[in-house]
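Chains as they are written, first to last, in our numbering: chain U, 1 to 254; chain G, 255 to 508. We treat Cβ as the ideally placed atom computed from N, Cα and C, and that holds for glycine. Here the structure is a predicted model, which is why all the values come from computation and not from measurement. Everything below concerns the one structure shown next.
2 protein chains.
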Amino acid sequence: MTSRLMPEHLLARIRVVLSRPSHPGNIGAAARAMKTMGLSRLYLVNPLRFPDPEADVRATGAVDVLQQATVCATLDEALGGTIYAAAISARQRDLGPPPCHAREGIADLLTEAAKGEVALVFGNETVGLSNEEVQRCQAAVSIPTNPGFSSLNLGSAVQVLCYEARLAAYSGQRLPAQRGVTPSSSRAATLEEVEGFYGHLEETMITTGFHDPAKPKRLMPKLRRLFGRTRLEIDEVNILRGVLAALRDGSRRT
Amino acid sequence: MTSRLMPEHLLARIRVVLSRPSHPGNIGAAARAMKTMGLSRLYLVNPLRFPDPEADVRATGAVDVLQQATVCATLDEALGGTIYAAAISARQRDLGPPPCHAREGIADLLTEAAKGEVALVFGNETVGLSNEEVQRCQAAVSIPTNPGFSSLNLGSAVQVLCYEARLAAYSGQRLPAQRGVTPSSSRAATLEEVEGFYGHLEETMITTGFHDPAKPKRLMPKLRRLFGRTRLEIDEVNILRGVLAALRDGSRRT
Numbered sequence: 001m002t003s004r005l006m007p008e009h010l011l012a013r014i015r016v017v018l019s020r021p022s023h024p025g026n027i028g029a030a031a032r033a034m035k036t037m038g039l040s041r042l043y044l045v046n047p048l049r050f051p052d053p054e055a056d057v058r059a060t061g062a063v064d065v066l067q068q069a070t071v072c073a074t075l076d077e078a079l080g081g082t083i084y085a086a087a088i089s090a091r092q093r094d095l096g097p098p099p100c101h102a103r104e105g106i107a108d109l110l111t112e113a114a115k116g117e118v119a120l121v122f123g124n125e126t127v128g129l130s131n132e133e134v135q136r137c138q139a140a141v142s143i144p145t146n147p148g149f150s151s152l153n154l155g156s157a158v159q160v161l162c163y164e165a166r167l168a169a170y171s172g173q174r175l176p177a178q179r180g181v182t183p184s185s186s187r188a189a190t191l192e193e194v195e196g197f198y199g200h201l202e203e204t205m206i207t208t209g210f211h212d213p214a215k216p217k218r219l220m221p222k223l224r225r226l227f228g229r230t231r232l233e234i235d236e237v238n239i240l241r242g243v244l245a246a247l248r249d250g251s252r253r254t
Numbered sequence: 255m256t257s258r259l260m261p262e263h264l265l266a267r268i269r270v271v272l273s274r275p276s277h278p279g280n281i282g283a284a285a286r287a288m289k290t291m292g293l294s295r296l297y298l299v300n301p302l303r304f305p306d307p308e309a310d311v312r313a314t315g316a317v318d319v320l321q322q323a324t325v326c327a328t329l330d331e332a333l334g335g336t337i338y339a340a341a342i343s344a345r346q347r348d349l350g351p352p353p354c355h356a357r358e359g360i361a362d363l364l365t366e367a368a369k370g371e372v373a374l375v376f377g378n379e380t381v382g383l384s385n386e387e388v389q390r391c392q393a394a395v396s397i398p399t400n401p402g403f404s405s406l407n408l409g410s411a412v413q414v415l416c417y418e419a420r421l422a423a424y425s426g427q428r429l430p431a432q433r434g435v436t437p438s439s440s441r442a443a444t445l446e447e448v449e450g451f452y453g454h455l456e457e458t459m460i461t462t463g464f465h466d467p468a469k470p471k472r473l474m475p476k477l478r479r480l481f482g483r484t485r486l487e488i489d490e491v492n493i494l495r496g497v498l499a500a501l502r503d504g505s506r507r508t
């Protein structure tokens with residue numbers, strides 16, 4: 001079933017569950033990471049220290065996420081009412097759900113979010129999630145890392161997954177990026193205007209002796225290739241022709 | 255031209271440049287984020303405090319990245335030898351390169367990495383990158399965020415982009431970039447070569463009286479924007495400087 005929910009409503013259905021986090025700084029970092037991506041529902045299972053000033057400092061403008069966080073005694077409590085949970089885990093688990101990478105895992109998560117409440121479950125900084133915790137989840141998601149150093153910070157892992165969630169939620173309606181189009185100050189130059197510049201350039205180069213039309217050495221084709229790929233704007237054509245004119249005038253004055 | 259480089263060699267061509275970072279903890283977090291994704295080349299432009307024990311603590315197992323970091327006095331120094339740099343910037347800039355989102359921006363970055371050294375440039379935690387810094391880059395890349403709270407932590411921003419870089423490097427299916435550009439005849443110009451051309455151009459325009467540095471009217475930023483989006487090749491830099499030199503000589507001869 002395809003979602004007809006707005007992206008922000010899909011994101012609002014995602015809980016971020018931190019199981020037994022040790023460092024309040026990481027809780028704050030997770031809150032900040034969530035809010036930057038439009039998520040706000042933080043669940044903490046047996047945090048070692050919470051609330052804590054260190055969490056507030058690292059959350060910066062996302063203290064509201066901390067204030068609304070739900071503190072739970074068990075993972076089951078944090079997952080109450082969800083229809084789907086993805087365990088974030090680097091290691092392959094015995095009897096755990098089949099592992100997949102973050103991007104695919106998030107796509108699945110959002111498909112489920114169209115139907116009900118879902119969760120991303122992160123383990124303790126040092127020991128990760130227990131096998132029992134992973135087995136509570138319907139999916140196991142890993143973030144692809146350097147096999148020689150896979151020790152992602154907890155806040156960073158939350159950031160990467162929330163980032164993927166935002167992109168996936170908005171992908172349905174994302175407009176194609178303004179590829180190759182500069183936030184332009186002026187309109188694109190017309191063919192005639194660009195040709196006028198080429199003519200001016202060639203003439204100036206001939207006058208100065210740099211360019212001999214009898215032995216062209218592909219000079220003009222090379223310059224056409226250069227300027228052709230920039231998609232010149234009219235202001236730019238005017239600047240370039242101004243430079244050429246000034247150089248001519250300068251040479252007359254000398 | 256398509257890359258036949260191994261993914262790890264592509265990633266090794268990416269510099270992560272932090273301009274004027276204020277908090278050593280963020281430098282450490284950036285190092286850790288890089289290493290988890292297989293990147294290792296950290297450049298620091300005028301860090302407020304570095305080296306610093308706080309950076310080491312946050313880097314955890316990535317202290318080697320900090321130890322090998324290059325500290326530079328200017329952004330130009332950090333970009334020395336690169337053929338392409340992407341500014342990470344949330345805000346739209348006057349005369350900056352065309353903005354694109356992280357995923358597309360990283361695809362372009364890796365296409366360029368197949369040809370030479372490239373860089374991801376991050377600004378200061380509070381003020382970001384200056385317009386001058388963004389104008390030094392050929393692309394402006396933003397991470398899609400919640401418009402109501404776009405304050406991504408510096409380490410988290412590095413994490414997201416390095417994550418995208420790793421995925422793109424290993425995807426094997428990234429090829430399409432270089433839209434509408436004729437296959438290149440010569441290698442990409444380095445930052446120094448392009449800056450040498452800008453210096454030559456500016457000097458020539460001043461000599462002829464076209465450009466008054468006291469009343470610049472944003473002339474150089476506009477010309478940087480024009481040539482910045484073309485990705486000049488070394489042959490083209492040589493032709494353009496040849497034209498400028500001929501115009502100077504021509505004016506002397508007259």
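7 Å Cβ cut-off: residues of chain G touching residue i
i, result
"U/Met37", "Thr399 and Asn400"
"U/Gly128", "Simply none; closest approach about 15 Å."
"U/Asn153", "Ala283 and Arg286"
"U/Gln159", "Ser410, Gln413 and Val414"
Cutoff 6 Å; reference residue i; Cβ partners in own chain excluding five residues on either side
i, result
"U/Val237", "Ala189, Glu193 and Phe197"
"U/His9", "none"
"U/Ser150", "Ala90"
"G/Gly402", "none"
"U/Thr182", "Any reading at U/Thr182 must be qualified, since the residue scores a pLDDT of 45, below 50, and its modelled position is unreliable; no value is offered."
Neighbour list for residue i in chain U, Cβ cutoff strictly below 8 Å
i, result
"G/Leu473", "Ile239"
Residue i CB to nearest heavy atom of the ligand NAD below 7 Å
i, result
"G/Ala367", "Among the components modelled here there is no ligand, and therefore nothing to report on the ligand NAD."
Beta-carbon contacts of residue i that lie in its chain and below 8 Å, excluding the five residues immediately before and after
i, result
"G/Glu387", "Ser273, Leu329, Ala341, Val375 and Gly377"
"U/Ala102", "Val141, Ser142, Ile143, Pro144, Val160, Leu161 and Glu164"
"G/Leu455", "Leu477, Leu494 and Leu498"
"U/Ala85", "Val17, Leu79, Val118, Ala119, Leu120, Val121, Arg136, Cys137, Gln138 and Ala139"
"G/Ser384", "Gly377"
Through-space distance from residue j to residue i, alpha-carbon basis
i, j, result
"G/Ala499", "G/Val372", "30 Å"
"G/Pro301", "U/Phe227", "38 Å"
"U/Val127", "G/Leu333", "40 Å"
"G/Gly496", "U/Glu54", "60 Å"
"U/Ile234", "G/Phe464", "18 Å"
"U/Ile83", "U/Arg166", "20 Å"
"G/Arg286", "U/Asn153", "8 Å"
"U/Gly40", "U/Ala113", "The sequence given here has Ser at residue 40 of chain U, not Gly. If I take the Cα positions, the gap works out to 15 Å."
"G/Glu331", "U/Ala62", "36 Å"
"G/Arg303", "G/Ile281", "10 Å"
"G/Ala284", "G/Ala313", "8 Å"
"G/Val412", "G/Val270", "8 Å"
"G/Pro475", "G/Asp348", "9 Å"
"G/Gly279", "U/Leu191", "53 Å"
Strand pairing of residue i, partner residues [DSSP]
i, result
"G/His355", "G/Ser396"
"U/Leu120", "U/Val16 and U/Ala86"
"G/Leu296", "G/Val270"
"U/Cys72", "U/Val45"
"U/Gly128", "U/Asn124"
"G/Ala442", "G/Glu487"
"U/Phe50", "None; U/Phe50 has no bridge partner."
"G/Phe403", "G/Asn400"
8 Å Cβ cutoff, residue i in contact with chain G
i, result
"U/Thr60", "yes"
"U/Arg229", "yes"
"U/Tyr163", "yes"
"U/Glu202", "no"
Any C-beta of chain U under 8 Å from that of residue i
i, result
"G/Asn280", "no"
"G/Phe403", "yes"
"G/Leu421", "yes"
"G/Tyr452", "no"
"G/Glu447", "no"
"G/Leu259", "no"
Closer than 9 Å at the beta carbon, the chain G residues around residue i
i, result
"U/Lys215", "Neighbours of U/Lys215 on chain G: none; closest Cβ ~14 Å, over 9 Å."
"U/Glu236", "Lys476, Leu477, Arg479 and Leu480"
Where residue i meets chain U, residues with beta-carbon distance less than 7 Å
i, result
"G/Val497", "Met205 and Phe210"
"G/Asp310", "Ordered by position in chain U, no residue passes the 7 Å Cβ test against G/Asp310, which lies about 14 Å from the chain."
Cβ-based neighbour list, residue i, same chain, cut-off 7 Å, excluding 5 preceding and 5 following
i, result
"U/Ala168", "Ile106, Ala107 and Leu110"
"G/Ala431", "Because G/Ala431 sits at a pLDDT of 36, beneath the cut-off of 50, its placement in the model cannot be relied upon, and the following sentence gives the value as read from the coordinates. Correct list, in chain order: Ala361, Asp362 and Thr365."
"U/Gly81", "Glu117"
"G/Pro261", "Ala423 and Tyr424"
Neighbour flag for residue i against chain C, beta carbons, 8 Å
i, result
"U/Pro144", "Included in the structure are the protein chains U and G, with no chain C among them."
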